[in-house]
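**Q**
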Amino acid sequence: MQAVALWTAQANSSVASLIDHLIDHDDRLTAMPDPIRDLDDAVEPLNIVHEAADGYLSSLADRKVRDIAALARLGDLHHALPADGVGGQKAVAELVDIGTATATLSSGPRFFHFVIGGSTPAAMAADWLTSLLDQNAFSRASSDFASAVEDVALEWLCELVGLPDTWGGALVGSATFANFTGLACATHWWGEQYGVDVTGQGLVAVGRRMPVLSGGYVHPSARKALQMLGHGRDAVQVCAADAIGRLDVSALDRQLAELDEPAVIIGNAGEVNAGDFDPISDLADIAERRGAWLHLDASFGIFAALSPRTAHLVHGMERADSIAADAHKWLNVPYESGFALLAQPQRLGHAFGMPGAPYLPSPDSPGAGYGLFGPESSRRARALPIWATLQAYGREGYRAMVERHLDLAQRMADLVDDAPDLERLAEVPLCIVCLRYRPADVDDEDRLNDLNRRLGAELLTDGRVYAGTTLYGGRLALRPAMTNWRTSKHDADFFVDVVRELGGRVAHRSP
Ligand SMILES: Cc1ncc(COP(=O)(O)O)c(C=O)c1O
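First residue of the sequence shown: 531, per our numbering; consecutive thereafter.
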């Protein structure tokens, strides 16, 4: 037996050295064309992007947000898969050329649609660094650096918004995934109340549906998270006081008392139509009294904590169990960057650990990392832009930016109030102005809705400024949001001018 083992070892080692020899010395192997190794300098394609950056960034302030005429260039992308590639420089140059001509200028100052921040200079550079280093932020074993930066980024985020240092969390791709993460922990907690580990046994072992209660502001993303978790998006019992969706606090409390079983409350800290908030402290009181899990969807509203002018809106947030938020919105870091924060961060390892694979660490081992604390396993080091931007501009820099946006929103509200053909539909507690075009000679609600629907479409076609429409208490409205660090008074004023100009044009055109 020993002789056989010795012979096998010798044979293996000589096969290995033969392969090494072939790779190093055999002309046939070294001469085999390998375009990825032979054609390209690794740095030159990066230089092409770098060279384009200056012109692109300085054009953000003046070019159309969406240039429909340029979109014809998108056809250039659709050629056949090349058998022999053109090399990195040509490929990247082509993409830069088409991309800078056709991209929506959503990182620019006149993009008021959805709630989309831009990318601060430090965050953007750190995002490039993320690709340069190409770390797998799965575990400490895959990258000590990425894990350490994520530790600090999460600590800083908690500190920035005033959460105790016992909180923790994980960086995820978006607020939808942050909602998913918080609600996955809530689901695990809910199973525990029935003595069930839902991560192993599944929801079926509990044998009933998890009750979820919220106000009418509940965002589709929280419903999507419930849908992905197997609760179903219709699980939410909505307690709304009116057609706007404002929370009926006593109805929610009553419903929980009647249910008399473990339940989850979703509080909405910053809703998309007008930037309003559920009363967080009231929800925290109810959650404590009824023993419920309180999850907050604070996708952009969390940053209200940064200014003494708006901190009251998130008062009581530290009494929640989980919070979902986005860095790619008001923190102005590049996509994809969300974060989930937990009062009991150890719950993440329970909900997202992957036991059973001998080559992987367990969530409580020193080699573990954020791949075991959130929905993704292999993941990019998305902490780098967050770390860099917070290090670059600090708490005061972000307070100043948030307050500038609060001022811009108030300024736009004043302009709307002063304009004879515009109507503001809601208070402006944060950074969103909810308004509609309303010429003096049109009173009929259906006609106004039709007019504003056509105005919304016209705005997106025109492309000089960009905002979306919504239904606010049944009235069709525009809802510009100010969260981009580049946006100035001039941009806010320009938005109002363009809306009035296009509104007048649409009103005079028959439907
Ligand atoms: C309140 C709220 N929650 C969740 C989301 C979803 O965010 P994301 O697109 O990053 O998943 C949004 C997006 O606008 C939002 O406003």
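Every residue, glycine too, gets a C-beta built ideally from N, C-alpha and C.
Would you say the region 1000 to 1008 touches the region 647 to 655, given that touching needs at least three Cβ pairs under 8 Å?
**A** The answer is no - the region 647 to 655 does not touch the region 1000 to 1008, with fewer than three Cβ pairs under 8 Å.
**Q** Only counting runs of 3 or more residues, tell me where the beta strand (DSSP E) segments fall wholly within the region 698 to 730, in order along the chain.
**A** Runs of the beta strand (DSSP E) inside the region 698 to 730: 698 to 702.
**Q** According to DSSP, what are the bridge partners of Gly-868?
**A** Partner(s): Val-702 and Asp-856.
**Q** DSSP three-state label for Val-748, please.
**A** Residue state, collapsed to three classes: coil.
**Q** Quick one: measure Cβ to Cβ for Trp-1015 and Asn-862, integer angstroms, because I've assumed they're closer than 8 Å.
**A** Yes, they are in contact, since the Cβ atoms of Trp-1015 and Asn-862 sit about 5 Å apart, within 8 Å.
**Q** Short check: CB of Thr-516 to CB of Ala-700, under 8 Å?
**A** Absent from the structure is residue 516, since the part of the chain shown begins at 531 and ends at 1041.
**Q** Using C-beta distances below 6 Å, list every residue in its chain close to Ile-774, excluding the 5 sequence neighbours before and after it, in chain order.
**A** If we look at Ile-774 and ignore the five residues flanking it on each side, its Cβ neighbours are Gly-1003.
**Q** Quick check: the region 587 to 596 against the region 625 to 639, are at least 3 beta-carbon pairs closer than 8 Å?
**A** Enough Cβ pairs lie closer than 8 Å, so yes.
**Q** Should His-749 be counted as a contact of ligand 1 given a C-beta to heavy atom distance under 7 Å?
**A** True, at least one ligand heavy atom lies under 7 Å from that Cβ.
**Q** Please state whether DSSP places Phe-644 in a helix, a strand or coil.
**A** If DSSP states are grouped into helix, strand and coil, Phe-644 belongs with coil.
**Q** What does the Cβ neighbour count give for Tyr-996, buried or exposed, with the cut at 16 atoms within 10 Å?
**A** When all chains shown are included, Tyr-996 counts as buried.
**Q** Using only the heavy atoms of ligand 1, determine whether one of them is closer than 7 Å to the beta carbon of Ser-704.
**A** Under cutoff, so the answer is yes.
**Q** Grouping DSSP H, G and I as helix and E and B as strand, with all else coil, what is Ala-773?
**A** Reduced to three states, the DSSP call for Ala-773 is coil.
**Q** Going by C-alpha distance, which of Phe-707, Val-616 and Leu-733 is nearest Trp-719?
**A** Ranking the options by Cα distance to Trp-719, first place goes to Leu-733.
**Q** Taking C-alpha atoms, which residue in Arg-753, Asp-947 and Leu-902 lies nearest to Leu-743?
**A** The shortest C-alpha separation from Leu-743 is found at Arg-753.
**Q** Ligand 1 heavy atoms versus the CB of Glu-906: any closer than 7 Å?
**A** Because no heavy atom of ligand 1 lies under 7 Å away, the Cβ of Glu-906 does not count as near it: no.
**Q** Check whether the Cβ of Ser-636 lies closer than 7 Å to any heavy atom of ligand 1, and answer yes or no.
**A** Not under cutoff, so the answer is no.
**Q** Give every residue of the same chain whose Cβ lies closer than 6 Å to the Cβ of Gly-998, excluding the five residues on either side of it in the sequence, and list them in chain order.
**A** Excluding residues within five positions, the ones whose Cβ falls inside 6 Å are His-643.
**Q** Using a Cβ-Cβ cutoff of less than 7 Å, which residues in the same chain neighbour Ala-841 once the five nearest sequence positions on both sides are dropped?
**A** These residues qualify, in order along the chain: Ala-834 and Ala-835.
**Q** From the DSSP output, which residues share a beta bridge with Phe-1024?
**A** Phe-1024 is not bridged to any residue.
**Q** Here's the rule I'm using: 16 or more other beta-carbon atoms within 10 Å means buried, otherwise exposed. How should Asp-664 be labelled?
**A** So Asp-664 counts as exposed.
**Q** Count the CB pairs spanning the region 680 to 690 and the region 854 to 871 that are closer than 8 Å, and state whether there are at least three.
**A** Segments in contact, yes.
**Q** Mind checking whether the beta-carbon of Val-645 lies closer than 7 Å to any heavy atom of ligand 1?
**A** For ligand 1, at least one heavy atom lies less than 7 Å from the Cβ of Val-645.
**Q** Where does Thr-840 fall in DSSP's three states?
**A** If DSSP states are grouped into helix, strand and coil, Thr-840 belongs with coil.
**Q** Once DSSP output is grouped into helix, strand and coil, what is the label at Tyr-900?
**A** DSSP places Tyr-900 in helix when its eight states are reduced to three.
**Q** Quick check: what's the CA-CA separation for Leu-936 versus Arg-819?
**A** If you take the alpha carbons of Leu-936 and Arg-819, they lie about 35 Å apart.
**Q** With distances taken Cα to Cα, identify the nearest neighbour of Pro-1041 among Thr-991, Leu-713, Phe-1024 and Asp-976.
**A** Ranking Thr-991, Leu-713, Phe-1024 and Asp-976 by Cα distance to Pro-1041 puts Asp-976 first.
**Q** Hey, is Val-802 close to ligand 1, as in C-beta under 7 Å from one of its heavy atoms?
**A** Because some heavy atom of ligand 1 lies under 7 Å away, the Cβ of Val-802 counts as near it: yes.
**Q** Can you have a look at Val-1028 and say buried or exposed, based on whether 16 or more other CB atoms are within 10 angstroms of its CB?
**A** With 16 or more other Cβ atoms within 10 Å, it is buried.
**Q** Less than 8 Å between the CB atoms is what I'm expecting for Val-679 and Leu-914, so what's the real figure, rounded?
**A** That pair is a contact at about 6 Å.
**Q** Any chance the region 915 to 935 sits against the region 888 to 905, with 3 or more Cβ pairs inside 8 Å?
**A** No: fewer than three Cβ pairs fall under 8 Å.
**Q** Just to confirm, are Ala-814 and Arg-776 a CB contact at a threshold of 8 Å?
**A** No, the Cβ-Cβ distance between Ala-814 and Arg-776 is not below 8 Å.
**Q** Rounded to whole angstroms, what's the CA-CA distance from Phe-1024 to Met-1012? Just pull it up for me.
**A** In a straight line, the C-alpha of Phe-1024 is about 13 Å away from that of Met-1012.
**Q** Please list, in chain order, all residues of the same chain as Pro-792 whose beta carbon is under 6 Å from its beta carbon, the five residues on each side excluded.
**A** Only Trp-720 and Gln-723 meet the Cβ criterion.
**Q** Helix, strand or coil: how does DSSP classify His-935 here?
**A** It is helical.
**Q** Return the chain-ordered list of same chain residues with a C-beta closer than 6 Å to the C-beta of Arg-984, the five sequence neighbours on each side being excluded.
**A** Same-chain partners within the cutoff: Val-1036.
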